[in-house]
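S.K.: Below is the structure I would like to discuss, written out as structure tokens.
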Amino acid sequence: MLPVLNERMESATAHAKELLSKLSLTEKIGQLSQFGTSIYNNKREYFPEHYPEGKIGSYLTVSGAQITNQLQRDCQEKFPTHIPLLFADDVIHGYRTTMPTPLAQSCSWNPSAAERGAEVAAKEAYVAGLRWTFSPMVDIARDPRWGRIVEGYGEDPYLCSRFAEATVRGYQGKEIGEKYHILACMKHFIGYGACIGGRDYNEVDMSPQTLYDIYLPPFQAGIDAGAATVMSAFHSMNGVPCTGSRHLLTEVLRNECGFDGFVVSDAGAVPELIPHGYAEDWKDAAQKGFQAGVNMLMAGDFYNDYLPQLVAEGKLTEQEIDEALLPILVLKILLGLFESPYTDESEEAKFFFCEEHLSVSREIAKECVVLLENNGILPLQKNQKVALIGPFADEKDHVLGTWSCRKDPEKTVSILEGFRKAGVDVTYAKGCDICEGCDAKLSEAVEIARKSDVAVLVLGEGEDMSGEAKSRTDISLPQIQLKLLDAVLETGVPVVLLISAGRPIVVEDFREKVAALAYIWQLGTSTGDAVAEVMTGRCDVSGRLSVSVPKSVGQIPVYYNYPSTGRPALGKIWYETGYIDENAHSRYPFGYGLSYTEFEYSDLRLSANEMTADGSITINCKVKNVGKRAGKTVVQLYVRDLVGSRVRPIKELKGFEKIDLDAGESRTVTFILQARELAFHNEKMEKVVEPGRFRLWVSKDSREEGISGEFEVV
Ligand code: BGC
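In terms of my numbering, the numbers along the sequence shown are unbroken and rise by one, the last being 1102.
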């Protein structure tokens, strides 16, 4: 349900209906059309010739207070019915102040931090004239070859759902129309992350149970949090392109999930029904997209060009057009665009990169670093001489990640700058570029490493190596960087390896050779400050993986919540579900990450050993920081349905809490597990909580045994 008071909703609906009665068919269809950068020639096109006829309702990728005001004014003057334009953009992880990528943010396991980040992004976008963002992307991703894994919140439906609702709230505020807030758009409906082979835009073939139990929950969580819009996806799902699927966009999204906002197509996804072989021509594509439930067409004239004819021919009715338009008008009204269509041009300077926003980006970034290996070298000691090496060590652009469209790399704090600000005794050599290098540069790096106590190498992927249409078959470090790493390792100086990337990188060849290994992902504007704070131990390292890290590409997809298998069997059959050259386990499991201190989990207590299908149990456990310094841990609750009418996952995350404890301090962490959270779709696609025994674990990651108990649903 849209987050608005009933009264406001009623009056907005009445106002929208009144407007509808005054609009011509052309003007109505115009409101369903969005323009901006042309997807075909990548040129900015404003189509001012559409204003007098009212053939434009929204712009994408047009932002900035001055230009949006100018276009709005121009349109208002020329468009007789004066319906304000709605400006949208891909504000994915920040507008000017760049936050860590969504994948990085999900490794914070701190949805409130992500909510704050979305709020800051919304504020900067708002003062730039935008009222709508194409974010969050809540596609579950189990395949790190897929370039867009960087845009989402990882592999798990529960974790992703918490980030979906948090970011929707962050963008939209408490109520639609709140100042400095904008509309959210959950994308891409649905199953986009399951593209076969990790190839972007590729088909998806999926059981309805997997769709409903794994891929749908984050969308449902965002809808329940009030997401105003949803974007249809490019790919086909079980043979039908999502953008042409009435089943998905209307029956599932609206009728079953209760979505009451509007759907925008992905850019070009409606005309792409033609190359899919699902529509005959542009007119057929426009009809199929519209009838499926695409309210607004992104980037193009296909609705303007063909819907009027389709109405004239009786293939569509004007009433259907009205129904598609109503939620768009309602949202324009709720946003307050009719009273204040313009943006105060003095506010951009006040808010872009302001201290408060930088501090939010710093706080989030610190929490996203995931420490995978540490022989005790981290945190760095004050008196150590540090050689900082690598193509990402003094980098300000690539570390911002994909979709940082209005970035300003000049404002980025590089890791070198961060180390210097933090007083680290540091020398620097780049060593090589991202994908190429020469011996002279390499030797320079080896030279400074030799003269240091520790070498910190920052290696990884450029921002253009993950993201849309950026899938890779090889997810290791580029050859030249491996060469640099080897050369520095040969000096015998301990190496701390930090990986800056948009996806998990395979680390088999070197993880045992380095003294410490961490993923820093792409942390945004405050990269250097955050990395320096974490590396010097001024704060704990507290990120945990939101995706499993494979040992090799051949293992993909590898994820923690896979359904049980029949083998290894009970008897004397030793065949396993792995490979003859590798077992089935990821290198680092979902939920994994080290701290600088140690925690002990004990005293598991369940309020009851059984609950009814509509009941709940309370789970308590004691967590103690048994190390010598303050630190953070993510307490994770997993369950397993031991016997089901369908094969159940070996573990499923059902709760988590990130806590901060002083050395020696302990705290009781409480989870309330509702039986309804144990529901799944059975063979007949009924959503059921089946009676029977369940095992639960409270643990530090999805593989660790932790402490465990059992309960029964009766
Ligand atoms: C992407 C969307 C994005 C849109 C607008 C498309 O290519 O798939 O995620 O929001 O472009 O830029």
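In this text, a Cβ means the ideal position worked out from N, Cα and C, and glycines have one as well.
State yes or no: is the C-beta of F1125 nearer than 7 Å to some heavy atom of ligand 1?
M.R.: Since the displayed the chain opens at 389 and closes at 1102, residue 1125 lies outside it and no answer follows.
S.K.: Would you call the CB atoms of I578 and A616 closer than 8 Å?
M.R.: In this structure, A616 does not lie closer than 8 Å to I578 by Cβ.
S.K.: With distances taken between CB atoms, is the gap from G789 to G890 smaller than 8 Å?
M.R.: It is a contact, given that the beta carbons lie within the stated cut-off.
S.K.: Among residues of its own chain, excluding the 5 on either side of K795, which ones have a beta-carbon nearer than 6 Å to its beta-carbon?
M.R.: Cβ neighbours of K795 beyond the five flanking positions: T486, L788.
S.K.: Run the CB neighbour count on E964, radius 10 Å, all protein chains shown included, and call it buried at 16 or more, exposed below.
M.R.: Exposed: under 16 other Cβ atoms inside 10 Å.
S.K.: May I ask you to report which of helix, strand or coil DSSP gives Q458?
M.R.: Correct three-state label for Q458: helix.
S.K.: According to DSSP, is C573 helix, strand or coil?
M.R.: Reduced to three states, the DSSP call for C573 is strand.
S.K.: Does V640 come out as helix, strand or coil in the three-state DSSP assignment?
M.R.: Here V640 sits in helix by DSSP.
S.K.: Closest to N590 by C-alpha separation, out of P882, P663, T456, would be which residue?
M.R.: The shortest C-alpha separation from N590 is found at P663.
S.K.: In chain order, what residues of the same chain have a beta carbon less than 6 Å from the beta carbon of K443, not counting five sequence neighbours either side?
M.R.: Cβ within range, chain order: G418, N692.
S.K.: Looking only at DSSP bridge pairs, what is W1085 linked to?
M.R.: DSSP output for W1085 lists Y1026, S1096 as bridge partner(s).
S.K.: Count the other CB atoms within 10 Å of the CB of D477; is the residue buried (16 or more) or exposed (fewer)?
M.R.: Answer is buried; the Cβ neighbour count reaches 16.
S.K.: Nearest-angstrom Cα distance between T861 and K799?
M.R.: Taking the straight line from one Cα to the other gives about 33 Å.
S.K.: In this structure, does DSSP put N498 in helix, strand or coil?
M.R.: Correct three-state label for N498: coil.
S.K.: Given 8 Å as the limit, is there contact between the segment 896-911 and the segment 863-882, that is, 3 or more CB pairs closer than that?
M.R.: Because the criterion of three Cβ pairs below 8 Å is met, the segment 896-911 and the segment 863-882 touch.
S.K.: Any idea what DSSP makes of F650, helix, strand or coil?
M.R.: Strand at F650.
S.K.: Between the segment 456-469 and the segment 753-768, do at least 3 Cβ pairs fall closer than 8 Å?
M.R.: Touching, no, given that fewer than three Cβ pairs across the two stretches are closer than 8 Å.
S.K.: For the segment 707-722 against the segment 399-411, do three or more pairs of beta-carbon atoms, one drawn from each stretch, fall closer than 8 Å, so that the two count as touching?
M.R.: The answer is yes - the segment 399-411 touches the segment 707-722, with three or more Cβ pairs under 8 Å.
S.K.: Quick one, are the C-beta atoms of Y984 and D928 less than 8 Å apart?
M.R.: It is a contact, given that the beta carbons lie within the stated cut-off.
S.K.: What residue does the beta strand (DSSP E) around M619 start on, and which one ends it?
M.R.: Per DSSP, M619 belongs to the beta strand (DSSP E) from 617-620.
S.K.: Cβ atoms of G688 and P659: under 8 Å apart, would you say?
M.R.: Contact: yes.
S.K.: Can you find the residues in the same chain that come closer than 6 Å, C-beta to C-beta, to R975, ignoring five residues on each side of it along the sequence?
M.R.: Counting only Cβ-Cβ distances below 6 Å, and skipping sequence neighbours, we find V937, K939.
S.K.: Going by beta-carbon coordinates alone, are S1096 and R1083 separated by less than 8 Å?
M.R.: It is a contact, given that the beta carbons lie within the stated cut-off.
S.K.: Check whether the Cβ atoms of T555 and A502 lie closer than 8 Å to each other.
M.R.: Their beta carbons are under 8 Å apart, which means T555 touches A502 by this criterion.
S.K.: Is L766 near ligand 1 - that is, is its Cβ less than 7 Å away from at least one heavy atom of it?
M.R.: Outside the cutoff, so no.
S.K.: Between K1046 and ligand 1, is there a pair consisting of the residue's CB and a ligand heavy atom that are separated by less than 7 Å?
M.R.: K1046: no, Cβ never under 7 Å from ligand 1.
S.K.: Indicate whether V618 and K575 have their beta-carbon atoms separated by less than 8 Å.
M.R.: Their beta carbons are under 8 Å apart, which means V618 touches K575 by this criterion.
S.K.: Tell me whether the segment 730-743 and the segment 503-514 touch, counting them as touching only if at least three CB pairs, one residue from each stretch, are closer than 8 Å.
M.R.: Contact holds: three or more Cβ-Cβ distances are below 8 Å.
S.K.: I'd like to confirm something about A616: is its beta-carbon nearer than 7 Å to some heavy atom of ligand 1, or not?
M.R.: Checking the Cβ of A616 against ligand 1 gives no.
S.K.: Using only the heavy atoms of ligand 1, determine whether one of them is closer than 7 Å to the beta carbon of A655.
M.R.: Yes, ligand 1 has a heavy atom inside 7 Å of this Cβ.
S.K.: Could you have a look at G825 and say whether DSSP puts it in helix, strand or coil?
M.R.: Reduced to three states, the DSSP call for G825 is coil.
S.K.: Taking 7 Å as the cut-off, is the C-beta of D527 nearer than that to any heavy atom in ligand 1?
M.R.: D527 Cβ: outside cutoff for every heavy atom of ligand 1.
S.K.: Go ahead and pull the three-state DSSP assignment for V1014.
M.R.: If DSSP states are grouped into helix, strand and coil, V1014 belongs with coil.
S.K.: Sort out for me which residues DSSP pairs D669 with in a bridge.
M.R.: Looking at the DSSP assignment, D669 forms no beta bridge with any residue, so it has no partner.
S.K.: When DSSP builds the beta bridges, which residues end up paired with M525?
M.R.: Answer by DSSP bridge pairing, in chain order: K575.
S.K.: DSSP on K416, reduced to helix/strand/coil?
M.R.: In this structure, K416 counts as helix in the three-state DSSP scheme.
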